[in-house]
Amino acid sequence: MSIFIILYCVKVNILSTVIGIQEKRPLVDMIEYEFVVPEVVQQLNSTDCGIFVIKFMQLWSNGGLSRAIANDKVIKCREKILTQLIMSPENEVRENVYQVMDK
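Every number in our numbering is 14 more than the matching position in the sequence shown, counting from 1.
Structure, rendered in structure tokens:
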């Protein structure tokens with residue numbers, strides 16, 4: 015088992031105890047599970063990790079990536095995510111953004 019998985023499990027258990035939710039959830043023996051770390055494309059800088067995580071989640075399908083994320087497409091991905099966030103019906107300040115863009 016990876017040291018990172020063990021550290022993650024310890025971190026979750028400590029955090030759960032500190033915020034008082036340990037007794038509210040069933041104990042799960044993490045050793046029973048097989049952890050799989052898929053081979054994925056890595057970002058080439060220290061600023062695109064969030065975009066890669068979002069795209070990874072969007073493209074994940076039935077235990078694998080439906081297609082690869084390309085480093086040369088990150089700017090387009092940023093633009094698309096920004097547009098989705100601005101245009102979302104859940105965006106309570108969407109009209110304010112439109113007003114600023116009209117100026």
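By construction, the Cβ of each residue, glycine as well, lies at the ideal position given by its N, Cα and C atoms.
Let me make sure I understand the geometry here. Which of the options has the alpha-carbon closest to that of residue i?
i   : options             : result
K87 : Y47, V51, E48, Q56  : Q56
R92 : E48, I45, E104, G64 : G64
V54 : M44, S60, F66       : F66
L96 : I68, V50, E46       : I68
P52 : V42, G78, S60       : G78
Can the beta-carbon of residue i be found closer than 9 angstroms to that of residue j?
i    : j    : result
Q89  : F70  : Going by the sequence as given, residue 89 is Ile instead of Gln. No, they are not a contact pair.
V114 : N105 : no
For residue i, I'd like the list of residues in its chain whose CB is within less than 7 angstroms of its CB, leaving aside the five on either flank, ordered along the chain.
i   : result
L58 : N85
D62 : V88
Ignore the nearest five residues each way along the sequence and tell me which others in residue i's own chain have a CB closer than 8 angstroms to its CB.
i    : result
R108 : I100, M101, S102
S80  : L73, W74
M15  : Any reading at M15 must be qualified, since the residue scores a pLDDT of 46, below 50, and its modelled position is unreliable; no value is offered.
So with Cβ pairs under 9 angstroms, would you call residue i a contact of chain B?
i    : result
D116 : No chain B is part of this structure, which consists of one protein chain only.
What first and last residue would you give for the alpha helix (DSSP H) that runs through residue i?
i    : result
N110 : 108-116
E93  : 88-101
I83  : Taken as a continuous stretch (DSSP letters only), I83 belongs to no alpha helix (DSSP H), as it is neither H nor E.
V67  : 63-73
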